[in-house]
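In this note's numbering, the protein residues as written are 2 to 130.
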């Protein structure tokens, strides 16, 4: 999993799953945060991420149904390597199964900033500092 900061400013992010808290990371403009993991055999592993960018806050399911559908092009059960890329832009969040320059048709718009929905409301928003 890669989360790329395509904004002109630093972004603070906090990534976690049910089993693992990957901590908070300050990602510089045009920088990225990367992690790898082994999915459960029943494909139920999920990772959530919170983001602070200036006065904006949002969250998303970094790895869940949308990422599986977009990035796991081979599907099925068994060992496989899946790459997935999120790009945070000034207008919102984009997802791609390949690491290509932005803009490119491979980048699908997912949502604008501030539209976290039910995921954000289920989080205890941790202090940014």
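All C-beta atoms, glycine included, are put in the ideal place defined by N, C-alpha and C.
Take the Cβ of residue i as the centre, count every other Cβ of all protein chains shown within 10 Å, and call the residue buried at 16 or more, exposed below.
i, result
"residue 88", "buried"
"residue 85", "buried"
"residue 39", "exposed"
"residue 55", "exposed"
"residue 92", "exposed"
"residue 99", "exposed"
"residue 101", "exposed"
Roughly how many angstroms separate the alpha carbons of residue i and residue j, rounded to a whole number?
i, j, result
"residue 111", "residue 4", "13 Å"
"residue 9", "residue 2", "22 Å"
"residue 49", "residue 106", "25 Å"
"residue 36", "residue 113", "24 Å"
"residue 1", "residue 57", "The shown model of the chain, from 2 to 130, leaves out residue 1, and the question about it has no answer."
"residue 15", "residue 47", "14 Å"
"residue 65", "residue 20", "14 Å"
"residue 52", "residue 11", "10 Å"
"residue 25", "residue 63", "14 Å"
"residue 23", "residue 34", "11 Å"
"residue 30", "residue 59", "17 Å"
Which first and last residues belong to the alpha helix (DSSP H) in which residue i is found?
i, result
"residue 68", "66 to 72"
The beta strand (DSSP E) that contains residue i, what's its start and end?
i, result
"residue 97", "93 to 97"
"residue 101", "Neither: residue 101 is in no beta strand (DSSP E) and is coded neither H nor E."
"residue 24", "22 to 28"
"residue 6", "3 to 6"
"residue 112", "109 to 112"
"residue 87", "86 to 90"
"residue 49", "48 to 54"
"residue 18", "12 to 18"
For residue i and residue j, which I take to be in contact (beta-carbon distance under 8 Å), what is that distance rounded to the nearest angstrom?
i, j, result
"residue 108", "residue 97", "5 Å"
"residue 61", "residue 94", "6 Å"
"residue 7", "residue 90", "5 Å"
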